[in-house]
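Enquirer: Line order of the protein sequences matches chains A and B.
Residue 215 is where the first sequence ends in the UniProt record's numbering, and the numbering goes up by one at each step.
Residue 215 is where the second sequence ends in the UniProt record's numbering, and the numbering goes up by one at each step.
Where a beta carbon is used, it is the ideal one built from N, C-alpha and C, also for glycine.
First, the structure itself, so that you have it in front of you.
Number of protein chains: 2
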Amino acid sequence: MARAESAAPPRRGRPASTVLARPDDEPTATALLAAAVQVMGANGYHGASVRDIASAAGTSPAILYHHFDSKQGLLVTMCDRGLDVLVRATEDALDLAGDDPADRLGAIVAAHVRVHMESQRESLIGNSELRALEAPGRALIVAKRDAQQRLFDRVVRDGVRRGAFTTEHPDDAARFVTAACTSIATWYRPGGALEADEIVARYRAIALDAVGYRR
Amino acid sequence: MARAESAAPPRRGRPASTVLARPDDEPTATALLAAAVQVMGANGYHGASVRDIASAAGTSPAILYHHFDSKQGLLVTMCDRGLDVLVRATEDALDLAGDDPADRLGAIVAAHVRVHMESQRESLIGNSELRALEAPGRALIVAKRDAQQRLFDRVVRDGVRRGAFTTEHPDDAARFVTAACTSIATWYRPGGALEADEIVARYRAIALDAVGYRR
DNA sequence: GAGGGTCTTGAACGAGCGTTCGACGTGGGC
DNA sequence: GCCCACGTCGAACGCTCGTTCAAGACCCTC
């Protein structure tokens with residue numbers, strides 16, 4: 001077998017970046033994760049073949065089974081790590097926010113929106129491929145997603161209790177907001193008409209309106 | 001081949017209902033559409049095999065190609081008709097609504113929410129299987145979806161222009177609202193804690209808050 | 001009763017699927 | 001210098017995929 005370049009390993013220099021990678025991952029596992037994000041994000045779990053993913057990672061299909069249990073195991077790893085990133089970002093934003101309810105909601109909305117813009121494909125997979133998850137892994141992922149929703153529920157309820165938000169349905173309003181912010185991943189394109197910061201600012205303002213915050 | 005019952009044709013009595021069916025469709029085409037809604041709604045386009053769909057419809061796989069061009073053609077038909085139902089319901093609601101901006105937005109939100117609750121699987125497919133659509137049909141579907149979004153844009157802009165809504169970003173708020181209402185299809189279960197009417201009422205109220213309507 | 005169009009069928013096609021396996025190259029420990 | 005463990009590979013496994021096809025069942029028309 002002859003390749004175009006002689007010395008360099010073929011996978012070097014490939015674009016293999018994803019927020020899902022962790023420092024102690026082996027390079028090939030990282031490349032597979034990044035490739036799976038690309039291919040599954042574009043075609044969905046069932047629409048992405050192991051050969052597609054391996055090819056995008058610059059390796060052979062067989063290597064996937066050295067680093068993961070199966071294609072399903074790869075999906076679970078992706079969803080699990082993706083939700084960790086999201087929950088972590090939201091919790092960090094809440095820790096840094098002050099005591100004002102509007103500031104707190106604004107902070108977690110901004111964090112949620114930013115993750116869904118910056119890790120667009122990872123977010124898409126985490127939201128639309130839940131149905132492709134099989135029994136053991138599924139419960140884990142659903143639990144983490146519920147935890148993220150409960151963060152929002154708590155902040156909105158707290159704001160209502162303290163009189164800052166006037167919505168009559170705190171939990172529904174919280175779900176309303178998270179769903180709207182999550183959907184950004186379906187349409188956002190870097191370099192579009194609006195700067196990312198501007199989108200964050202607008203969604204923060206609309207979210208505050210949605211919970212009945214009076215400016 | 002022997003079947004359990006002797007006289008009745010096997011497909012009679014099967015649950016084959018979908019809002020996508022039209023009066024002049026042949027019964028088998030209707031059954032295939034209903035089955036495709038069930039199977040694709042549960043597993044996605046790539047996760048639903050032609051054999052699965054045919055089996056759910058009580059027919060053979062080959063029959064699909066007598067009533068549709070291909071599996072892809074079936075998907076296009078489903079998405080096309082599903083969006084027709086949605087746009088039609090929204091336009092009808094607007095026609096029946098009065099002149100008051102809050103009434104108008106409330107009416108289209110209620111219609112949008114109701115369609116996504118009552119035709120849950122059809123809506124899920126229309127929203128999450130856009131990426132499985134291939135070139136010729138895709139543009140048609142995207143155009144219809146954009147038309148639905150523009151209905152909301154217009155109502156919100158109109159309300160802002162007339163001073164009823166105070167949001168500073170009408171188009172973003174409109175997209176915020178449609179995304180939140182669309183997502184109902186992902187979690188709503190008939191017979192859940194909330195009555196459908198109650199969900200509609202709450203989402204209408206939150207949507208009005210989101211565009212800055214002052215009660 | 002014969003003829004023809006429509007609807008339906010089981011069987012088969014080649015292609016691609018997820019997964020497994022045995023062999024190969026390589027680099028650090030003895 | 002030997003060796004083993006590890007990451008990697010091409011090739012192949014059995015299976016399912018979307019699709020086609022020739023033939024049968026049905027029903028309306030003459």
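Does any residue of chain A have a CB that is nearer than 8 angstroms to the CB of B/Ser44?
Expert: It should be pointed out that residue 44 of chain B corresponds to Gly in this sequence rather than to Ser. For B/Gly44, the answer is yes, since a Cβ of chain A falls inside 8 angstroms of its Cβ.
Enquirer: Compute the distance between the beta-carbons of B/Leu105 and B/Gly159, then report whether it is under 8 angstroms.
Expert: yes
Enquirer: Rank A/Gln120, A/Leu20, A/Asp24, A/Arg81 by C-alpha distance to the C-alpha of A/Arg189 and give the top, closest one.
Expert: A/Gln120
Enquirer: Roughly how many whole angstroms lie between the Cα atoms of B/Leu133 and B/Asp80?
Expert: Taking the straight line from one Cα to the other gives about 11 angstroms.
Enquirer: So, at 8 angstroms on beta carbons, what are the nonlocal neighbours of A/Arg214 in its own chain, with the 5 sequence-adjacent residues on each side left out?
Expert: The residues are Thr166.
Enquirer: Measuring straight from C-alpha to C-alpha, what distance separates B/Leu83 and A/Glu195?
Expert: 31 angstroms
Enquirer: I need the DSSP call for A/Tyr45, collapsed to helix, strand or coil.
Expert: It is coil, neither helix nor strand.
Enquirer: Excluding the 5 residues flanking A/Gly212 on each side, which residues of the same chain have their C-beta closer than 6 angstroms to its C-beta?
Expert: So the qualifying residues of the chain are Phe165, Thr166, Thr167.
Enquirer: Anything in chain B within Cβ reach of A/Glu168, meaning under 7 angstroms, just list it in chain order.
Expert: Those are Ala205, listed as they occur along chain B.
Enquirer: Who are the near neighbours of A/Ala89 in its chain, counting only those whose CB is closer than 6 angstroms to its CB and skipping five residues on each side?
Expert: Ala111, Val115
Enquirer: Closer than 7 angstroms by beta-carbon distance: list the chain B residues that pair up with A/Arg202, in chain order.
Expert: His169, Asp172
Enquirer: Using a Cβ-Cβ cutoff of less than 7 angstroms, which residues in the same chain neighbour residue 219 of chain B once the five nearest sequence positions on both sides are dropped?
Expert: As displayed, chain B neither begins before 1 nor continues past 215, which places residue 219 of chain B out of reach and without an answer.
Enquirer: What does residue 219 of chain B reach in chain A if we use C-beta pairs closer than 9 angstroms?
Expert: Outside the shown range of chain B (1 to 215) lies residue 219 of chain B, about which nothing can therefore be said.
Enquirer: Please give the ranges of any alpha helix (DSSP H) in the region 118-149 of chain A, keeping only runs that are unbroken, at least 4 residues long and fully inside the region.
Expert: 120-128
Enquirer: With distances taken from CA atoms, which of A/Leu33, A/Arg157, A/Trp187 is nearest A/Ser70?
Expert: Nearest C-alpha to A/Ser70: A/Leu33.
Enquirer: DSSP state of B/Phe152, grouped into three classes?
Expert: In the three-state scheme derived from DSSP, where H, G and I count as helix and E and B as strand, B/Phe152 is classed as helix.
Enquirer: Among the candidates B/Ile108, B/Tyr45, B/Phe176, whose CA atom is the shortest distance from the CA of B/Ala93?
Expert: B/Ile108
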